[in-house]
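Trainee:
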Amino acid sequence: SGTGKELVARALHRHSPRANGPFIALNTAAIPKDLLESELFGHERGAFTGAQTTRQGRFEQAENGTLFLDEIGDMPFDLQTRLLRVLSDGQFYRVGGHNPLRANVRVIAATHQNLESRVRQGLFREDLYHRLNVIRLRLPPLRERSDDIPLLTRHFLQKSARDLGVEPKRVSDEALAYLTSLPFPGNVRQLENLANWLTVMAPAQTVEIKDLPPDLVPSGAPAVAAADDAQAHGGGDAQGV
Numbered sequence: 003s004g005t006g007k008e009l010v011a012r013a014l015h016r017h018s019p020r021a022n023g024p025f026i027a028l029n030t031a032a033i034p035k036d037l038l039e040s041e042l043f044g045h046e047r048g049a050f051t052g053a054q055t056t057r058q059g060r061f062e063q064a065e066n067g068t069l070f071l072d073e074i075g076d077m078p079f080d081l082q083t084r085l086l087r088v089l090s091d092g093q094f095y096r097v098g099g100h101n102p103l104r105a106n107v108r109v110i111a112a113t114h115q116n117l118e119s120r121v122r123q124g125l126f127r128e129d130l131y132h133r134l135n136v137i138r139l140r141l142p143p144l145r146e147r148s149d150d151i152p153l154l155t156r157h158f159l160q161k162s163a164r165d166l167g168v169e170p171k172r173v174s175d176e177a178l179a180y181l182t183s184l185p186f187p188g189n190v191r192q193l194e195n196l197a198n199w200l201t202v203m204a205p206a207q208t209v210e211i212k213d214l215p216p217d218l219v220p221s222g223a224p225a226v227a228a229a230d231d232a233q234a235h236g237g238g239d240a241q242g243v
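For the sequence shown, this note's numbering assigns the number 3 to the initial residue and increments by one for each residue that follows.
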C-alpha cells in the first residue's frame, strides 16, 4: 500500500483520449459496506432512511472520463456482481431507481492483494477478475524503483508549494542521493508526506541532508538545535489490474 497507484491511474487518464473528462477516485476499502453501493451508483430520493435528495454516484460523476477503484479486492461480493453488470452491459440503476442509466466510463482498478488467490478462495468473482484483467501493471514498492525517487520528490515539492502558494523547495544533489538510498517503508505516500514537511519546515530554499526530519537524518549529520526541534511538531506489493 502507498506505492502510488492513484498517481499511475491519473497519469493513464491524463494521457488517454478521455483526458478532458473527469477523473474520479474511490477507495472501496474506506467506505462502509452499506454505503458503498450508493457511493458507486447513486441513489434516488427516498431510497433509504436519510436519502432526502437524489444523488449522483461515482459512475455518473465520471461520465466520459475515468473511474479509479482502489483496493478492488476488498469490494463486497454482492457489489462485485453489480460492477460486473455495469462493465458488461454499460448501464446501471441508482439505488431505489427503476430507470437504467448509461455508463460511458473507463474503469481502472487496483489492489494490494493477490486477486488470483482471492478468486480461488471464493472471495472475488472470477468473471469480474477476467473482465478487469485486460491490461495489467505491477507497481513495485518504492525501494525496488529508487530511480523514481528524484522525479517523485520534485513532483511532490512542486505540488506542495502550489497547494500552499509558496516557492517550491529544491533538494541538493547530496540530499537527493541520500534519499535515493533510503528504503521508504511507507512507499510513495511517505515520500509525499516528506515533501509536505520540507515545504513547511526546511529553513532554506535548498534542502540539505541536515534539513531532513530527525528520523531520516543519518547519525553523522549535524543535528538541528533543540529549540528549533521543539517547535517542529505542529498540527498535523501493489499491483494494478
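The C-beta atom is built at its ideal place from N, Cα and C for all residues, glycine as well.
Using 8 Å as the cut-off, can you tell me whether the region 159 to 169 makes contact with the region 192 to 206, which would need three or more C-beta pairs spanning the two stretches below that distance?
Mentor: Segments in contact, yes.
Trainee: Could you check whether Leu144 and Phe79 sit closer than 9 Å to each other, using their CB atoms as the reference points?
Mentor: No. Outside cutoff.
Trainee: What three-state label does DSSP hand Val88 in the structure shown?
Mentor: In the structure shown, Val88 sits in a helix (DSSP, three-state: H, G or I).
Trainee: My understanding is that Tyr180 touches Ile211, with C-beta atoms under 8 Å, so please give their C-beta distance in whole angstroms.
Mentor: Yes, they are in contact, since the Cβ atoms of Tyr180 and Ile211 sit about 5 Å apart, within 8 Å.
Trainee: Tell me which same chain residues have a C-beta within less than 8 Å of the C-beta of Ile110, skipping the five on either side of it?
Mentor: So the list reads Ala11, Leu14, His15, Thr68, Leu69, Phe70, Leu71 and Gly242, once near-sequence residues are dropped.
Trainee: Where in the region 168 to 201 do unbroken runs of the alpha helix (DSSP H), each at least 4 residues long, occur, reported from the N-terminal end onward?
Mentor: For the region 168 to 201, whole alpha helix (DSSP H) runs of length 4 or above, ordered along the chain, are 175 to 182.
Trainee: Go to Val109, then tell me how far its beta strand (DSSP E) extends in each direction, as first and last residue.
Mentor: Taken as a continuous stretch (DSSP letters only), the beta strand (DSSP E) holding Val109 covers Arg108 to Thr113.
Trainee: In the DSSP assignment, find the alpha helix (DSSP H) that holds Asp306 and state where it starts and stops.
Mentor: Nothing in the structure corresponds to residue 306, since the chain is present only between 3 and 243.
Trainee: Return yes when the Cβ of Ala112 is within less than 9 Å of the Cβ of Glu73, no when it is not.
Mentor: In this structure, Ala112 lies closer than 9 Å to Glu73 by Cβ.
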